[in-house]
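Worksheet: one structure, shown below.
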Ligand SMILES: [Zn+2]
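In this note's numbering, the protein residues as written are 29 to 335.
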């Protein structure tokens, strides 16, 4: 068994500006590090396919989807703002559709093929996008699209979504808050954008707010105490991961002090749980991570942890 990595060149069509941190070079940095590490020979690399409107309707309102399609710029140089942080340019809609579609490809892969570990190296990210709004660089909620597809297409009744991005996965929480089929686990720096996740009351949501300066041992202890037993008890039929690497020590988007060791550990722990409950099935999708060197190294560490 190998790990399948899904991506697509169209994910680079989304360009906000020369100085915006959520930029095409992020994916290039991941690919470079995969090659440099020698990991490429241990991976199966596949092109993602685009999500359809029907795929998006499972987790977003028709009004929101139709608005995005109608307003999406088509001419070079044209742009619109969906929220104060989230711009669409001429290539954005296509990039976002391939990002969302990659998770569907990954679900099909783990449900039907030999490879049970998958990673989607895609952008724009998704976990801040809610039922009816874009937010924080996110247009479609990629991980939610994948989870909803898995439940509908394969009849899954229990899926766990683990989100270790340094920001709270407020959009994913919003979409699945009253859905008992979804266990949602998010660890994040607090206070920090979007300043949500501390008041949520639900048996299926396990939020871990941690202060600025949180280091690897502190984060691992919290995850070991709060998430791992809960995921074990939930017995998921699929584990999905919002894999954001902006909590790395070298990433100045926030003030966590995680390192590659922590991302490797997380992947290995999730793989153990997946082996125990769901034949090893993991679908991980890129969220944040803006310092190119640490992003590339962290993704490789995560992939090694899933082996
Ligand atoms: Zn983030």
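Virtual Cβ for every residue (Gly too), placed ideally from N, Cα, C.
Since we're looking at a predicted model, the values are computed, not measured.
Rounding to the nearest angstrom, what Cα-Cα distance links residue i and residue j in this structure?
| i | j | result |
| --- | --- | --- |
| residue 110 | residue 97 | 12 Å |
| residue 174 | residue 39 | 17 Å |
| residue 167 | residue 117 | 12 Å |
| residue 209 | residue 104 | 42 Å |
| residue 263 | residue 102 | 45 Å |
| residue 235 | residue 228 | 8 Å |
| residue 131 | residue 319 | 24 Å |
| residue 55 | residue 63 | 13 Å |
| residue 205 | residue 233 | 7 Å |
| residue 34 | residue 42 | 17 Å |
| residue 212 | residue 124 | 23 Å |
| residue 255 | residue 310 | 16 Å |
| residue 119 | residue 66 | 32 Å |
| residue 127 | residue 85 | 15 Å |
| residue 261 | residue 301 | 10 Å |
| residue 77 | residue 136 | 12 Å |
| residue 316 | residue 252 | 22 Å |
| residue 73 | residue 329 | 17 Å |
| residue 272 | residue 335 | 19 Å |
| residue 70 | residue 147 | 13 Å |
| residue 164 | residue 139 | 31 Å |
| residue 31 | residue 144 | 7 Å |
| residue 258 | residue 107 | 43 Å |
| residue 293 | residue 333 | 6 Å |
| residue 176 | residue 313 | 15 Å |
| residue 207 | residue 231 | 10 Å |
| residue 281 | residue 274 | 6 Å |
| residue 223 | residue 178 | 29 Å |
| residue 58 | residue 241 | 25 Å |
| residue 185 | residue 250 | 27 Å |
| residue 61 | residue 37 | 17 Å |
| residue 49 | residue 277 | 16 Å |
| residue 79 | residue 149 | 15 Å |
| residue 68 | residue 321 | 17 Å |
| residue 22 | residue 99 | No statement about residue 22 is possible, as the shown extent of the chain runs from 29 to 335 and does not include it. |
| residue 87 | residue 133 | 17 Å |
With 16 other CB atoms within 10 Å as the buried threshold, where does residue i fall?
| i | result |
| --- | --- |
| residue 82 | exposed |
| residue 29 | exposed |
| residue 47 | exposed |
| residue 151 | buried |
| residue 180 | exposed |
| residue 225 | buried |
| residue 154 | buried |
| residue 183 | exposed |
| residue 169 | buried |
| residue 114 | buried |
| residue 197 | buried |
| residue 142 | exposed |
| residue 75 | exposed |
| residue 172 | buried |
| residue 51 | buried |
| residue 53 | exposed |
Quick one: what's residue i bridged to in DSSP?
| i | result |
| --- | --- |
| residue 34 | 74, 148 |
| residue 39 | Its beta-bridge partners do not exist; DSSP assigns none. |
| residue 250 | Note: residue 250 sits in no beta bridge, so no partner. |
| residue 239 | Residue 239 pairs with nothing; no bridge assigned. |
| residue 277 | Residue 277 pairs with nothing; no bridge assigned. |
| residue 269 | 190, 312 |
| residue 161 | 158 |
| residue 81 | Beta-bridge pairing links residue 81 to no other residue. |
| residue 350 | Residue 350 lies beyond the stretch modelled for the chain, which goes from 29 to 335, so this question has no answer here. |
Do the region 184–202 and the region 258–278 meet, that is, are 3 or more Cβ pairs less than 8 Å apart?
Because the criterion of three Cβ pairs below 8 Å is met, the region 184–202 and the region 258–278 touch.
Q. Using 8 Å as the Cβ pair cut-off and three pairs as the minimum, do the region 246–253 and the region 284–298 touch?
A. yes
Quiz prompt | Any heavy atom of ligand 2 within less than 7 Å of residue CB: hits in chain order | solution = As presented, the structure is devoid of ligand 2, carrying ligand 1 as its sole ligands.
Could you pull out every unbroken alpha helix (DSSP H) segment of at least 4 residues lying fully inside the region 172–233, listed in chain order? 198–204
* To do: Taking only runs that begin and end inside the region 288–329, name each unbroken beta strand (DSSP E) of 3 or more residues, in chain order.
  => 310–314
Q) So, do the region 323–333 and the region 200–208 have three or more beta carbon pairs nearer to each other than 8 Å? A) no
Quick test of the definition: if touching needs 3 or more C-beta pairs under 8 Å, does the region 217–227 touch the region 303–311? no
Q: Could you tell me whether the region 147–160 touches the region 87–97, using the rule of 3 or more Cβ pairs below 8 Å?
A: yes
Extract the residue ranges of the alpha helix (DSSP H) inside the region 95–158, only unbroken runs of 4 or more that lie entirely within it. Secondary structure remark: continuous alpha helix (DSSP H) runs of at least 4 residues inside the region 95–158, in chain order: 120–140.
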